Every structure is written in structure tokens, then in C-alpha cells.
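Worksheet for the structure shown next.
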Amino acid sequence: MSGVIIKLGGALITDKDELRTFRPEAVETLAPILGDLTSSGTRVTIVHGAGSFGHIEAKEAGLAGGHDPERSHEQARAVDSVRESMSTLNGMVVGILESNGIDCEVHPPREWAEGTGPGFTGDIERFKEPGKVHLTFGDVVDVNDSTRFGILSGDHLMERLAIEMEDTTLAVFLLNGIDGLYDRDPKDPNATLIESFTTDTSYTTSLDSDKDVTGGMALKVEVSTRISSNGPRVAFVNGLDGGNLRQLLTGGDYKGTVFERAKSHERGMDR
Ligand code: IPE
């Protein structure tokens, strides 16, 4: 059996600028494709981001920087509120998948994960129970030092799950209306799609740190480089193009950016 892990970016499943506004299109596109994949015996894991169900409020309350003694009450309220919002968003994603006949099991990080960044801890055995699509999402998690809490990005969840679930062959990042990673801002008319990303590939990206409390495209690239150097192939594709996504998942030709496994002498991160 082989495994596929898919990240639905927050910008894809929400309107990033409108507080708590869900956009169902991408999940509706994905659901029937997932149904076919699971019936053919592929193990599927889904991670989703936060978009406007997390970043806006987390930013306002300074949650990414951890506990601030001068803002204790405000932050405590925001931690609860962001967690509740993330559960609401997750409920909408799961609702669409279940109405397509997909049996889902949700693992909110606040219940099993601690710490932020690639070294976060928590037992991922729970994702291995067969016969279900397991889901998790970027969340506010506890941190076992004076910062007390922080934001665990869905991209770091992707990294650990893709690397530590041994049968994973493919990790997919679904992007919001763009076909993959571009060598510069995709709005620039001279931008070209990077079809194959290697350690020598150069690209530029900017992070809208006024809105984003995690790492934007640069974090996805960093995480994808580590995933692919450990085995699974990584692909960035347009989350709104169902035909193309189906091609990728069924082994056909597709448009996107692929991170191929590094040759063994180039690998330095094997765990
Ligand atoms: C962020 O998770 C989680 C919160 C802000 C609570 P992600 O980093 O995975 O979210 P997106 O994909 O950028 O929205």
C-alpha cells in the first residue's frame, strides 16, 4: 500500500482577507478524487491551513510570539477563539468529504502535539489506523517553556507526517489558483513556472507578514526540500484544477512543480 499526503493551504480554502470566510470550491473538487484514491487502496492524509480562520486573530493577539505577560487575558481569549475557529473550519472541510462518502478521523494538534517548528513533538501513530482518511490542521499548541503556546503550521505537520509515515510516496501542496512555484512573483508577466525544483534552483518570494503568522511560500519550499530529501516526492499544483490534480494522483502528466528525491550523496537530512 502507498500513502499520499495533501495540504490544502489556508489561502485556498478561505478568503484570506475576510475574517472566517470559507471557500468550499477546492474541497469540493478534491472530494471525489479522494474517494477514488481511497477505494483503490491508497492511504490518504489531509492537512489544512488556517487562512482567515487563524492568521488574522492570531496576528492581532501576537500569538505566534507566545505568551506576553502584559496581554495575558487578551491572549488567553484569542487562543480559545482561534482554536474554536479552526475546529469550525475543519468541520466544514470534513462535512464536504463525508458527504462524498469519505470516512474521516480528525486529530486536532492541540490534543496531541506540543511545540512549534519542524521539531514539534507528539505521537503520530494515531494517523496510521487503516481504512480512514486522517485529517489535521495548523493550530495553536502548547509549548513547554516560558512561551507557553505558539502556532504550529500545517506545513510542519506535513513534514513530520510525510517523513515518518513510512509508506508515503507523494506529498502534495495545493495552491490557490497558481500552477506551482514561480521564479518570482507570479503576478509579474515575466514569471515562469519552476517545473523541477532542486537545491540549485533560485526563486524569489515575499511574505505578507502583516497577515501571515507562519511562513508563506518560503516555508513550503523549505519543508518540501526536507521531505523530498527523505524519500517522498513533493508536488505543488493548482488546488482549483481538478483535472490536473487527478492526473498527478493517478500517475499521468500534470502541470506543477516537483521536488524530486535528492541523490543519496546529496542527502544530509535522513532520519
Ligand atoms: C496556521 O497554519 C495556523 C494558525 C494560524 C492557527 P498554516 O500555516 O498551515 O496555515 P495557512 O495555510 O498559511 O493558512
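The sequence shown begins at 769 in my numbering and counts up by one.
All residues carry an ideal CB built from backbone N, CA and C; glycine is no exception.
Given the structure is predicted, the values throughout are model-derived calculations rather than measurements.
Legend entry - Check: S770 C-beta below 6 Å from any heavy atom of the ligand IPE: No; taking the cut-off as 6 Å, the Cβ of S770 has no heavy atom of the ligand IPE nearer than that.
Legend entry - Same chain, Cβ closer than 6 Å to V1002, five either side skipped, listed in chain order: Here the set comprises A939, S992, I995, S996 and F1027.
Legend entry - For N958, the first and last residue of its enclosing beta strand (DSSP E): In the DSSP annotation of this structure, N958 is not part of any beta strand (DSSP E), being labelled neither H nor E.
Legend entry - Cutoff 6 Å; reference K900; Cβ partners in own chain excluding five residues on either side: Apart from sequence neighbours up to five positions away, the residues of its chain that approach K900 with a beta-carbon distance below 6 Å are D871 and E873, ordered along the chain.
Inset, instruction - Work out the CA separation of L805 and G1011 for me, nearest whole Å. - result: Going by C-alpha positions, G1011 is about 14 Å away from L805.
Inset, instruction - Please look up how many angstroms separate the CB atoms of L987 and D947, rounded, as I've assumed it's under 8 Å. - result: Incorrect: roughly 19 Å between the Cβ atoms, too far for contact.
Inset, instruction - Please state if the CB of G883 and the CB of V911 are separated by a distance shorter than 7 Å. - result: Yes; because the gap between Cβ atoms is below 7 Å, this pair is in contact.
Inset, instruction - Ignore the nearest five residues each way along the sequence and tell me which others in I801's own chain have a CB closer than 7 Å to its CB. - result: Its chain contains G1010, L1013, R1014 and L1017 as the residues whose beta carbon lies nearer than 7 Å to that of I801, once the 5 sequence neighbours on both sides are disregarded; these appear in chain order.
Inset, instruction - Please find out if some non-hydrogen atom of the ligand IPE comes closer than 6 Å to the beta-carbon of A826. - result: Flag set: Cβ of A826 near the ligand IPE.
Legend entry - Member of Y971, I919 and G984 whose CA lies at the smallest distance from the CA of N944: Among Y971, I919 and G984, the Cα nearest to that of N944 belongs to G984.
Legend entry - Any non-hydrogen atom of the ligand IPE within 6 Å of I892 CB: Look at I892: its beta carbon is at least 6 Å from all of the heavy atoms in the ligand IPE.
Legend entry - K955 classed as buried or exposed, judged by whether at least 16 other C-beta atoms fall within 10 angstroms: Exposed is the call here.
Legend entry - Exposure of T856, with buried meaning 16 or more beta-carbon neighbours within 10 Å: Burial call: exposed.
Inset, instruction - Buried or exposed for H841, please, with buried defined as at least 16 other CB atoms from any protein chain shown within 10 angstroms of its CB. - result: Answer is exposed; the Cβ neighbour count stays below 16.
Legend entry - Beta-bridge partners of A1003, as assigned by DSSP: V940 and V1026, per the DSSP bridge assignment.
Inset, instruction - Tell me, to the nearest whole angstrom, how far the beta carbon of R878 is from that of R851; I am working on the premise that it is less than 8 Å. - result: 6 Å between Cβ atoms; contact.
Legend entry - Candidates P792, L798, S914 and L920, of which the one nearest I774 by Cα: The shortest C-alpha separation from I774 is found at L798.
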